[in-house]
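Below is one structure; the comments refer to it alone.
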Amino acid sequence: MVLLCLMPGSAAKNALPQRGGEVNLTLGGIDLNNSGSVVVREDKKLLTVLFPDGRDGRAFTLKAESSEDLYGWKTALEQALAQAPSAALVMGHNGIFRNDTSDTMEGSIWRDKRTVKSLVVGRPILLALEDIDGGPSFLEKALRFLEKFGIKVEGILRQSADVEEVDRRVQEYEQGKTEFGADEDAHVVGDCVKHVLRELPSSPVPASCCTALLEAYKIDRKDARVSAMRSAILETFPEPNRRLLQRLFQKILEVPMAS
1 MVLLCLMPGS
11 AAKNALPQRG
21 GEVNLTLGGI
31 DLNNSGSVVV
41 REDKKLLTVL
51 FPDGRDGRAF
61 TLKAESSEDL
71 YGWKTALEQA
81 LAQAPSAALV
91 MGHNGIFRND
101 TSDTMEGSIW
111 RDKRTVKSLV
121 VGRPILLALE
131 DIDGGPSFLE
141 KALRFLEKFG
151 IKVEGILRQS
161 ADVEEVDRRV
171 QEYEQGKTEF
181 GADEDAHVVG
191 DCVKHVLREL
201 PSSPVPASCC
211 TALLEAYKID
221 RKDARVSAMR
231 SAILETFPEP
241 NRRLLQRLFQ
251 KILEVPMAS
């Protein structure tokens, strides 16, 4: 699934479904149907388009430059979704939506073969710790569980859990089991944390920051070197990346202290 660039204003209007059975299937790269909904997070200028069921089990998150853009996108998307084809229809090979039996069977086979976009794994760093609605993310909840129940577990974050159990726990979360219970295996939850971090779409430490830190480290005087490294972090580290690493370091430091 490609990441998208939403078209505001008149371009968005031109992307609305057309009359006569044929429809424009995308809006800036989003396949549209009327099962979609739009969620706005004004304080972070974020907009998420959610398609909840079946082949449309996916979510797209956009970050706007301004509040004007944010609500312009929201209006354009809501209008497009309202006029889009039903989610029950299946697209034929010629780009026309159909709902006959053969097309439905073909769509069912396609759904079985495709990989549904995860609501947990592969999320942008901006949403690593906090969901679009402001609530704690899967990663944040897992870290809180480890702080409460996993700190004194021998080998936590070092011993590996069964890969299938980790995948199963992620799937359970996506299917509605969104809280970690006291009786859960801490090693499984710990490996869930590592799995999410490994699958981030971009590095928590940007290349620009790595370069700046390396240059700062070359300074001979210790006090000047430390000052330069601090400046490099402040000037080149995006806030979401900084918050994520601070949260992880906070957790990692607790493990040896509790041993």
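Note that UniProt numbering gives residue 29 to position 29 of the sequence shown, counting from 1, and the numbers run on in steps of one.
For every residue, glycine included, the Cβ atom is placed at its ideal position computed from N, Cα and C.
Strand pairing of residue i, partner residues [DSSP]
i: residue 273; result: Here the chain comprises residues numbered 1 to 259, so residue 273 is not present and cannot be evaluated.
i: LEU62; result: LEU47
Straight-line gap, residue i to residue j (C-alpha atoms, nearest Å)
i: ARG242; j: LEU126; result: 10 Å
i: SER203; j: VAL226; result: 23 Å
i: ALA82; j: LEU50; result: 14 Å
i: LEU253; j: LEU143; result: 13 Å
i: LEU214; j: GLN246; result: 20 Å
i: THR236; j: ALA228; result: 12 Å
i: LEU77; j: TYR217; result: 48 Å
i: GLN175; j: ASP220; result: 54 Å
i: GLU172; j: SER137; result: 14 Å
i: LYS152; j: LEU119; result: 30 Å
i: ALA80; j: ILE132; result: 21 Å
i: GLY36; j: LEU248; result: 34 Å
i: ARG168; j: PRO240; result: 28 Å
i: ASP183; j: GLU154; result: 16 Å
Whole-angstrom C-beta distance between residue j and residue i, which should lie under 8 Å
i: VAL170; j: VAL188; result: The Cβ separation is near 10 Å, so there is no contact.
i: CYS209; j: ALA232; result: 7 Å
i: LEU47; j: VAL38; result: 6 Å
i: ASP185; j: ALA161; result: 7 Å
i: GLY150; j: GLY190; result: 6 Å
i: GLU199; j: GLY122; result: 5 Å
i: PRO124; j: PRO238; result: That belief does not hold up - the Cβ atoms of PRO124 and PRO238 are roughly 11 Å apart, past 8 Å.
7 Å CB neighbourhood of residue i in its chain, flanking five on each side removed
i: LEU139; result: ALA128, LEU129, VAL193 and VAL196
i: VAL40; result: LEU47, LEU70 and LYS74
i: LEU244; result: ILE125, ALA128, LEU129 and PRO204
Neighbourhood of residue i by C-beta distance below 8 Å, restricted to the same chain and skipping five residues each side
i: MET105; result: Confidence at MET105 is low in this model, with a pLDDT of 42, below 50, so the placement of that residue is unreliable and no value is reported for it.
i: LYS141; result: THR178, GLU179 and PHE180
i: LYS222; result: none
i: LYS251; result: LEU143, LEU146 and GLU147
i: SER67; result: GLU42 and LYS45
i: ILE156; result: LEU146, GLY150, ALA186, HIS187, GLY190 and VAL255
i: ARG230; result: none
Heavy atom of the ligand FAD within 7 Å of residue i beta-carbon
i: ARG225; result: Ligands in the displayed structure: none, and consequently the ligand FAD is not present.
Neighbourhood of residue i by C-beta, 6 Å cutoff - its chain only, sequence neighbours within 5 removed
i: GLN159; result: HIS187
i: ALA212; result: ALA232 and THR236
i: VAL163; result: none
Runs of alpha helix (DSSP H) wholly within the UniProt domain "Rho-GAP" (127 to 259) (minimum 4 residues, chain order): Along the UniProt domain "Rho-GAP" (127 to 259), the alpha helix (DSSP H) occurs as fully enclosed runs of 4 or more residues at 138 to 145, 163 to 174, 186 to 198, 207 to 217, 222 to 236 and 239 to 258, listed in sequence order.
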